[in-house]
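Student: To start, I am sharing the structure in question, which I have written as structure tokens.
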Amino acid sequence: MTTPIIRPRRLRGTPALRRLVAQTRVHPAQLVLPLFVHEGISSPRPIASLPGVSHHTLDSLADEIDRAAAAGIGGVMLFAVPAARDAVGSAACEADGILNRAIAGAKDAAGGRLVVMSDLCLDEFTDHGHCGVLAEDGSVDNDATLEVYARMGVAQAAAGADVLGLSGMMDGQVEAVRAALDGAGRTDVALLAYAAKYASALYGPFREAVDSQLVGDRRTYQMDPANRREAALEAALDEAEGADIVMVKPALPYLDVLADVAAQSAVPVAAYHVSGEYSQIEAAAANGWIDRRAAHLEAVTSIVRAGADIVVTYAALDLATWLTEGA
Ligand code: PBG
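As structure tokens, this is what we get:
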């Protein structure tokens, strides 16, 4: 009988040894918490499809940002549900549109303690639910949409956003928004490009949360889950167009893509642990089938291990608490 000389188990023997040799560490400062503001409510309201996440009023948004800052979270990503929608998403570009008011309120509440990011996309604002404006034949008109994104970007910068999250997957969107911002003298505002955003089944709870009007799907602009090398192209294009941060979305089913993008990018890389990923853990935990805390910690650790510098997650507040306790 031979006895092994090399024994990897030696370094797993105690919590102190395991802590010493851990090759991935997650810190609250690299987490971003998505937040929803709803124009039509007067007090915060839980979102059924996203347990633990609520629709906020402008007041309760400020309280939540205070909590996030106190927990040491790195940033917030703002989404809004407007009271009225139209074909071109007009409210997105108006200074008193709900998202722009939320940005201004968030900026005040943050007081420089965390980064205020805003979603730059039309899907919450259009009555057809697509991420862009439509051509006569009903298709999503890429270049006409760029013109609206440019105005939306300048409005969000004026409202006080530090970083704009370009999530619409239109070709040339980074270049268009960068040029508009620079033209408006806002060379200081950064762009987080959703570079590789897949047409995923995991956005369901989010679409519920924003009362999405979409009929059909987004497969003519979001990426096909079958494609890996295409993500490298999308990320390279966005970086060349001036993206300050590139993102992969969803996260866990796309860790191969995330690792590729992290290996090729000179800019920071983010990953979005999306609503369906979050709610799967929540639903299983609610049934007693999975340990909620362990599952969320494993998810975020895996996303960082694969190469994410930044993780957008609905669990950011709990994670910050758990990571601080564990430190
Ligand atoms: C679209 C957008 C989506 C999400 C954020 N912005 C997806 C979509 O509806 O196609 C999804 C986020 C999530 O599921 O958590 N602008």
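Quick note, the working numbering runs 5 ahead of the 1-based positions in the sequence shown.
Just so you know, even glycine gets a beta-carbon here, dropped at the ideal spot from N, CA and C.
Starting from the Cα of Ala200, find the closest Cα among Leu242, Cys136, Leu25, Gly94 and give me that residue.
Tutor: Here residue 200 corresponds to residue number 195 of the sequence shown, with the count starting at 1. For the residues Leu242, Cys136, Leu25, Gly94, the minimum Cα distance to Ala200 belongs to Leu242.
Student: Pick helix, strand or coil for Asp128, following the three-state DSSP scheme.
Tutor: Stepping through the sequence shown from its first residue, residue 128 is reached at position 123. Residue state, collapsed to three classes: coil.
Student: Determine contact between the stretch 147-164 and the stretch 120-134, defined as no fewer than three beta-carbon pairs at a distance below 8 Å.
Tutor: yes
Student: Could you pull out every residue in the same chain whose Cβ sits closer than 8 Å to the Cβ of Leu334, ignoring the five residues on either side in sequence?
Tutor: Outside the shown range of the chain (6 to 332) lies residue 334, about which nothing can therefore be said.
Student: Between Arg50 and Gln218, is the Cβ-Cβ spacing less than 8 Å?
Tutor: By 1-based counting over the sequence shown, the position of residue 50 is 45. By 1-based counting over the sequence shown, the position of residue 218 is 213. With contacts defined by Cβ atoms closer than 8 Å, Arg50 and Gln218 do not form a contacting pair.
Student: Could you name the residues that DSSP lists as bridge partners for Leu197?
Tutor: Residue mapping note: residue 197 aligns to position 192 of the sequence shown, counting from 1. Answer is Gly170, Ile250, bridged to Leu197.
Student: Taking C-beta to C-beta, are Val81 and Leu40 nearer than 8 Å?
Tutor: Position 76 of the sequence shown, counted from the first residue, corresponds to residue 81. Position 35 of the sequence shown, counted from the first residue, corresponds to residue 40. Their beta carbons are under 8 Å apart, which means Val81 touches Leu40 by this criterion.
Student: Go through its chain and collect everything with a Cβ distance to Gln178's Cβ below 7 Å, but skip five positions before and after it.
Tutor: Translated into positions along the sequence shown, residue 178 becomes position 173. Correct list, in chain order: Leu151, Tyr154, Leu171.
Student: Across which residues does DSSP place Met122 in a beta bridge pair?
Tutor: Here residue 122 refers to the residue found at position 117 when the sequence shown is read from its first residue. As DSSP reads the structure, Met122 sits in a beta bridge with Met82, Val168.
Student: Just checking Gly281 against the ligand PBG - is the residue's beta carbon closer than 7 Å to any of the ligand's heavy atoms?
Tutor: Position 276 of the sequence shown, counted from the start, is the residue given in the question as residue 281. True, at least one ligand heavy atom lies under 7 Å from that Cβ.
Student: Between Leu328, Glu330, Thr329, Asp323, which lies nearest to Val58 when the distance is taken from Cα to Cα?
Tutor: For the purposes of this step, residue 58 is identified with residue 53 of the sequence shown, where counting begins at 1. For the residues Leu328, Glu330, Thr329, Asp323, the minimum Cα distance to Val58 belongs to Asp323.
Student: Measuring from the CB of Arg191, is there a heavy atom of the ligand PBG at a distance below 7 Å?
Tutor: For the purposes of this step, residue 191 is taken as the residue at position 186 of the sequence shown. Not under cutoff, so the answer is no.
Student: When DSSP labels each residue in this structure, what does Ser59 get in the three-state scheme?
Tutor: Taking the first residue of the sequence shown as 1, we reach residue 59 at position 54. Ser59 falls in the strand class under three-state DSSP.
Student: Rounded to the nearest angstrom, what separates Val37 and Ala271 at their Cα positions?
Tutor: For the purposes of this step, residue 37 is taken as residue 32 along the sequence shown, with counting starting at 1. For the purposes of this step, residue 271 is taken as residue 266 along the sequence shown, with counting starting at 1. Each residue's Cα considered, the two are about 21 Å apart.
Student: Return yes when at least one heavy atom of the ligand PBG lies under 7 Å from the C-beta of Asp128, else no.
Tutor: Counted from its first residue, the sequence shown places residue 128 at position 123. Asp128: yes, Cβ under 7 Å from the ligand PBG.
Student: Report the residue ranges of all alpha helix (DSSP H) runs contained in full by the stretch 268-294; include only those spanning at least 4 residues, in chain order.
Tutor: 280-291
Student: How many Å lie between Ala109 and Asp68 at the Cα?
Tutor: Reading the sequence shown from its first residue, position 104 is the one you call residue 109. Reading the sequence shown from its first residue, position 63 is the one you call residue 68. Near 14 Å, if we compare the C-alpha coordinates of Asp68 and Ala109.
Student: Considering just the uninterrupted stretch of the beta strand (DSSP E) at Leu207, what are its terminal residues?
Tutor: Residue 207 sits at position 202 when you count from the first residue of the sequence shown. Annotation: Leu207 is outside any beta strand (DSSP E) and is labelled neither H nor E by DSSP.
Student: Does the separation of the CB atoms of Val267 and Gly312 fall below 8 Å?
Tutor: Counting from 1 along the sequence shown, the entry for residue 267 is found at position 262. Counting from 1 along the sequence shown, the entry for residue 312 is found at position 307. Reading off the sequence, residue 267 comes out as Ala, not Val. Contact: yes.
Student: Cβ of Tyr259 within 8 Å of Cβ of Val145?
Tutor: What you label residue 259 is simply residue 254 of the sequence shown in a count that begins at 1. What you label residue 145 is simply residue 140 of the sequence shown in a count that begins at 1. No, these two residues do not count as a Cβ contact at 8 Å.
Student: Using DSSP with H/G/I as helix, E/B as strand and the rest coil, what is Ile103?
Tutor: Within the sequence shown, the letter at position 98 stands for residue 103. Of the three classes helix, strand and coil, the one that applies to Ile103 here is helix, per DSSP.
Student: Less than 8 Å between the beta carbons of Leu63 and Ala107, yes or no?
Tutor: Against the sequence shown, residue 63 aligns to sequence position 58. Against the sequence shown, residue 107 aligns to sequence position 102. Cβ atoms of Leu63 and Ala107: closer than 8 Å.
Student: Quick one: does the C-beta of Asp124 sit closer than 7 Å to a heavy atom of the ligand ZN?
Tutor: As presented, the structure is devoid of the ligand ZN, carrying the ligand PBG as its sole ligands.
Student: Decide if His43 is buried, meaning its Cβ has at least 16 other Cβ atoms within 10 Å, or exposed.
Tutor: Reading the sequence shown from its first residue, position 38 is the one you call residue 43. Buried, because 16 or more other Cβ atoms sit within 10 Å of the Cβ of His43.
Student: Using DSSP's beta-bridge definition, name the partner residues of Val317.
Tutor: Here residue 317 is taken as the residue at index 312 of the sequence shown, counted from 1. Val37, Tyr277.
Student: For the candidate residues Leu22, Ser205, Thr131, whose alpha-carbon lies nearest to that of Ser95?
Tutor: Working through the sequence shown from its first residue, we reach residue 95 at position 90. The shortest C-alpha separation from Ser95 is found at Thr131.
Student: Identify whether His301 lies in helix, strand or coil by the three-state DSSP scheme.
Tutor: Locating residue 301 in the sequence shown gives position 296, counting from the first residue. Three-state result, His301: helix.
Student: Taking Leu104 and Ser284 to be in contact with their CB atoms under 8 Å, please state how far apart those CB atoms are, rounded to whole angstroms.
Tutor: Here the question's residue 104 lines up with position 99 in the sequence shown. Here the question's residue 284 lines up with position 279 in the sequence shown. Leu104 to Ser284, Cβ: 23 Å. No contact.
Student: Per DSSP, what kind of secondary structure is Met228 in: helix, strand or coil?
Tutor: Counted from its first residue, the sequence shown places residue 228 at position 223. DSSP places Met228 in strand when its eight states are reduced to three.
Student: Rounding to the nearest angstrom, what Cα-Cα distance links Gly45 and Pro87 in this structure?
Tutor: In the sequence shown, residue 45 corresponds to position 40, counting from 1. In the sequence shown, residue 87 corresponds to position 82, counting from 1. Going from the Cα of Gly45 to the Cα of Pro87 covers about 7 Å.
Student: Less than 8 Å between the beta carbons of Ala76 and Thr318, yes or no?
Tutor: As a first step, residue 76 must be located in the sequence shown, where it is residue number 71. As a first step, residue 318 must be located in the sequence shown, where it is residue number 313. Contact flag unset, no.
Student: Looking only at C-alpha atoms, which of Gly79, Trp294, Arg191, Glu213 sits nearest to His32?
Tutor: On the sequence shown, position 27 is the one that residue 32 refers to. When only C-alpha atoms are compared, the closest one is Gly79.
Student: When burial is assigned at 16 or more other CB atoms within 10 Å of the CB, is Pro20 buried or exposed?
Tutor: Translated into the one-based positions of the sequence shown, residue 20 becomes position 15. The residue is exposed, with fewer than 16 neighbouring Cβ atoms inside 10 Å.
Student: Is DSSP giving Pro255 helix, strand or coil here?
Tutor: The residue labelled residue 255 in the question sits at position 250 within the sequence shown. In the three-state DSSP reduction, Pro255 falls in the coil class, being neither helix nor strand.
Student: Assign Ile11 to one of two classes, buried (16 or more other C-beta atoms within 10 Å of its C-beta) or exposed (fewer than that).
Tutor: Numbered from 1 along the sequence shown, position 6 holds the residue referred to as residue 11. Of the other Cβ atoms in all chains shown, fewer than 16 fall within 10 Å of the Cβ of Ile11; this residue is therefore exposed.
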